[in-house]
Amino acid sequence: MALPSYATRGERIWHYIFLGLCGLVFLFLIGPLLIIIPLSFNTEPYFTFTKAMLQLDPEGYSLRWYQDFFTSSEWLNSIKNSFIVGIAATFLATVLGTIAALGLSSRHMPARGAVMALLISPMIVPLIISAAAMFFFFSKIHLAQTYLGVILAHTALGIPFVVITVTATLSSFDTTLIRAAHSLGANPTRTFFKVVLPLVTPGVVSGALFAFITSFDEVVVVLFIAGPEQRTMPIQMWSGIREQISPTILAVATMLVLLSMLLLTTLELLRRRSERLRGMTPG
Amino acid sequence: MSESPTAPLKTADGVSLKTSLRRAVRRSKLKALLLVSPLLAFLLIAFLMPLFDMLWRSVDNPEVSTALPQTSQALADWDGASLPDEPVFAALAADLEAGAEARNLGLVSSRLNYEKSGMRSAIMGTARRVDTLEAPYKTALIDINDDWGELATWRVIKRESSPYTLSYYLAAVDRQYSPDGEIVAVPDYMQVYVTLFWRTFWMSAVIMVMTLVLGYPVAFLLANLPLRHSNLLMILVLLPFWTSLLVRTTTWIAILQSQGVLNDMMVALGIIADEARWQMIHNKLGTIVAMTHILLPFMILPLYSVMKTIPPSYMHAARSLGGKPFLCFRRVYFPLTIPGIAAGGILVFILSIGYYITPALVGGQSGRFITNYIAYHMQTSLNWGLAAAIASILLFVVVVCYLVFNRLIGVDKVKLG
Amino acid sequence: MNNTKLFKATLIKGAVAGACGLSTLALAVSAQAETLNIVSWGGAYSMSQQKAYNEPWMEKSGDEIVNIDRSGNALAGLRAQSQAGNVTWDLVDMLPADALIACAEGLIEPLDHDALLADAPDGTPPSEDFIEDSLDECFVPSIVYSNIVAFNTEMFPEDKQPSTIADVFDLENYPGKRTLMRKPINNLEWALVADGVAPEDVYDVLETEEGVARAFAKLDTIKDQVIWWEEGAQPPQLLADQEVAFGSAYNGRIFNAAANEDQPFEIIWDAQVFELDGWVVPTGKLDKVKDYLYFATDTQRLADQAKYISYGPARKSSAKMVTTLAGTDIEMKPHMPTYGPNFATAIPKDNEFWADNNDELTQRFNAWLAQ
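What follows is the structure, given as structure tokens:
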């Protein structure tokens, strides 16, 4: 967004003010995430930069809170639970969501808008309402306080993400490719595996990643329907923050920020791959 | 027929093309529906039925009629004008005796205590001594607890012996039944929920405006930079979007609390005195700052995708026609971004009114949302009917916003990342 | 795994092992070692239970004890589990007011105290050894604890330290933030005492509309300066960080922070609101926890617990055996809620009053907070 050469002085000033403002917003967005990283290496159990830290004295930094984390059976157990629930829910949501997306992207799908609105509703209905409702109902059918209950709940919450991403991928999918494959003599199975799948996979994988992160971050529903055995990492964090924020939580937070960076990179690579595969039609 | 010059076209097997096409369409319709149906069935069980169950629970009122069946029946033709007669008291004594035996009076005493304070000990206290009771029960019961001699007690029991109730909804909007059965506002000093609903709405509106003010310039910048640069900056928007909500909330606690990073910095720089640290968290400010940060990407992304479709030549044309930059922006560019503003605005608003975690952790007393009361009644006061009623009202508001959103923008236009 | 499943699994294991000639061994092991899910309050209190009876019990029986810190929401948890038909808690530490409700709802077992609990060393039966009127139909008390207000001594000049509950409401002489529990319980009592009501008359005054209005009016005077807490671990933390000058808390947590962590905390015993706390057994779990319950509530164990936290034992026979804080020579007696000078103006929490009025007063309190 370079300035045109005919820009007046006033416009120039305005332009730089504008850039400055945008810089501040970016700082607002990203600063808080970066600030906790050094804080998590604090030697002292404080939530702020100590003098030693500011002087870059190595004494001021330590891995003590990470050590706390990795030696605490509660934290480790909660991570295990988060992965069990997250992976199972992601699997279910991805399978159900992808199949449904195949139907939704058909030209002849009846009441498409209404069905789509319904499928996306778990993303829109406030979590606290879903949580309360699931608590009542799952208690009735003896699913509360079980792994299965938490997994089903998280599947429901992850589904909209899979449906959205996969439908988006399919809608830009060029169906003539299938006809081309047929006319070149491939049978439907071969067409699916050799043509459709490679093109759709990036969408499915990013949907699955969204579903996973949704489950991995989710507090409210677990808070209501999980028993002590299904304690997940967000619950562990939540009770930690409510009582007293020890820097162990900052250590966990730092690791989660790194995890989200990793996921984001994966997604970006997937997107590029998908664009390349499709020869990147504009729009 | 086939000889007519306008005879319909036929396929090889002799069926008219129209029919054949219709069949094909029907077949693919069916196929599409079949593909979607497993998911619909799943959501029906795991999501929609729970929601309906909650709506049901907000009016469901089984406690009195199941735990005090004889009393409910005996009260059926009581006119409510004066204290009921002996048979009603005898029925109550019988119910309490059976209830004490089966140990199932807990729920009904809690239920009636919501409507009238003192009912818990009236029922539990009487039940403990029920085997000492002898006819005439009217005087015997009133001897044990004065509440049985009050007209209001019996009116409450009669009203709540119906299997459905509106009491929870009334309570959720700070209303109640007067002793005469009319709907009246609860006294000023008892009003909670209406205030909380309004606060939730106006604070969400403020958050929506904040995200718009901060997000608009950024989206504009991203949409007008060369792709190479904008992709890089986009990461700065997406990273918070992908980071755990709890992490983002935690960082705001670390930054804003009175021993936190920001206060420390200002003290170190001599801007404020050590004793006069600012209270920036556990109040409305904390909630607004943290939620603006958390919801900002939801505003930037729709704005960006709309702005991306506006050709730069529009502005160039406007400028070359002699428009001042601001006028051009206001008359040409801005109107074109309104769909993006609407999409982002409604999205942020819907998400914001349903937030629970962030207001609970950084909102303190004044920055709480109505959602905090849903959790409170679910987990602490255990008034599940009231929790269901408040949640149902909130759900109604959200669904209305969602339908508006769907009408204006269409959910299938929602993109992620 | 629930009981039936465990039982079935044991049977199957037994059968298989029996075929291999190992049946006695397998059955003996599974009959002995159980996992007990015990719900308690967390923090210093759970620690005292861990040291005084969980660890000795695990050593003695081979059972494994899983601590669950959910007593704050125990009634909700019991209801939810019973509704779900999947009760995973085996024993719950709970307040007597909640126990009354849970008992009336049939969520917990009625207990025959003399049959289930140990006699005192001198042979006094439990019904006489426990503090008068403390044994309820479904409830076994273990301690007497107290709700008090504490302060950080460093926040006030040495010659001007607060000493009464009225000082907590005196912003002029004792400035600074306060942290109080986000509930009407205790706060209304203290407001009235600070306003001049005698501790023994508090509940009579609260029975009247004017009394309630008076209590709220008194709370109004400090409302701006109050941070409301919801988790028992918060007040010691806030006091230690000097975020507040005063904090209402459970006396044991304050004592532990002062004694073990050298925090400059002092307790205002004036108008302490004391009550019991103890065990309840979820319906259907009695057989599983019977032995543990017998052990954990005997005279020696309750006396041992007082070595780790300053809560008074609920048995008279244990009270005599209270000594010093473990690992120190700090006498525990002067730190107990029941110690003479501490007890002079104590208020016994009126559970019946709160059972009836908690719903209404909590709504009024919430409305007051939201104003």
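Chains as they are written, first to last, in the working numbering: chain G, 760 to 1042; chain W, 2 to 418; chain X, 410 to 780. C-beta: ideal position from N, C-alpha, C; glycine also.
The continuous stretches of beta strand (DSSP E) do not include S764/G, and DSSP gives it neither H nor E. For L134/W, same chain residues with a beta-carbon under 6 Å away, outside a window of 5 residues either side, are A94, A141 in chain order.
DSSP, read as helix, strand or coil, puts L134/W in coil. By the neighbour-count criterion, in which a residue is buried when 16 or more other Cβ atoms sit within 10 angstroms of its Cβ, L580/X is exposed. Of all alpha-carbon atoms in N582/X, F578/X, L526/X, A755/X, the one lying nearest the alpha-carbon of E684/X is that of A755/X. Counting only the Cα atoms, R479/X lies some 9 Å from D502/X. Straight-line spacing of the CA atoms in Y462/X and M564/X works out to 38 Å.
Distance from W243/W to S1019/G at the Cβ level is roughly 4 Å; contact confirmed, criterion being Cβ atoms closer than 8 Å.
Bounds of the alpha helix (DSSP H) holding E161/W are 152–161. Between D545/X and A508/X, the beta carbon gap of about 6 Å places them in contact (Cβ cut-off 8 Å). Within chain G, no residue has its beta carbon less than 9 Å from that of E473/X; the closest one is some 13 Å off. Taking a cut-off of 8 Å on C-beta distances, the segment 809–825 of chain G does not touch the segment 946–965 of chain G, as fewer than three cross pairs fall below it. Interface annotation, Y403/W: in contact with chain G, CB-CB separation under 8 Å. Counted as a single uninterrupted DSSP element, the alpha helix (DSSP H) harbouring L1015/G occupies residues 1006–1036. What F842/G touches in chain W, judged by beta-carbon distance under 8 Å, is nothing: the nearest beta carbon there is about 15 Å away. Counting C-beta atoms within 10 angstroms of its own C-beta, E598/X has 16 or more neighbours from the protein chains shown and is therefore classed as buried. Taking C-beta atoms under 8 Å as the contact rule, K725/X and D538/X qualify, at a distance of about 6 Å. With three or more CB-CB distances shorter than 8 Å, the segment 338–356 of chain W counts as touching the segment 392–412 of chain W. Using beta-carbon distances, I776/G does not count as an interface residue toward chain W, since no partner is under 8 Å. Separation of R408/W and A343/W (C-alpha to C-alpha, rounded to the nearest whole angstrom) is 11 Å. Within the same chain, and ignoring the five residues on either side of S163/W in sequence, the residues whose Cβ sits closer than 7 Å to its Cβ are N62. Taking the C-beta atoms as reference points, S59/W is found no nearer than 8 Å to V65/W. Between Y825/G and A1010/G, the beta carbon gap of about 5 Å places them in contact (Cβ cut-off 8 Å). Excluding five sequence positions before and after W498/X, the CB atoms of its chain that fall closer than 6 Å to its own CB belong to N446, V448, P691, given in chain order. Inclusion of P218/W and F897/G in the CB contact set at 8 Å is not warranted, their separation being larger than that value. The three-state reading of DSSP puts D189/W in helix, counting H, G and I together. Looking only at Y334/W, I124/W, A33/W, the smallest Cα-Cα distance to V307/W is reached by Y334/W.
The alpha helix (DSSP H) runs lying completely inside the segment 522–582 of chain X and spanning 4 residues or more are 522–525, 535–538, 574–577, given in chain order. Positions of the beta strand (DSSP E) runs, each at least 3 residues long and wholly inside the segment 469–529 of chain X, are given as 473–477, 500–503 in order along the chain.
Using beta-carbon distances, R104/W counts as an interface residue toward chain X, with a partner under 8 Å. The beta carbons of D650/X and Q366/W sit no closer together than 8 Å.
Take the alpha-carbon of L520/X and the one of N760/X: they are about 20 Å apart. By the Cβ neighbour-count rule, Y115/W is buried, with 16 or more other Cβ atoms within 10 Å of its own. Selection Y165/W, G324/W, V248/W, G346/W evaluated against I795/G yields V248/W as nearest (Cα-Cα). Secondary structure remark: continuous beta strand (DSSP E) runs of at least 3 residues inside the segment 616–642 of chain X, in chain order: 635–638. Taking 4 residues as the shortest admissible run, the segment 5–85 of chain W contains the following complete alpha helix (DSSP H) segments, listed from N- to C-terminal end: 18–44, 50–58, 64–68, 70–76.
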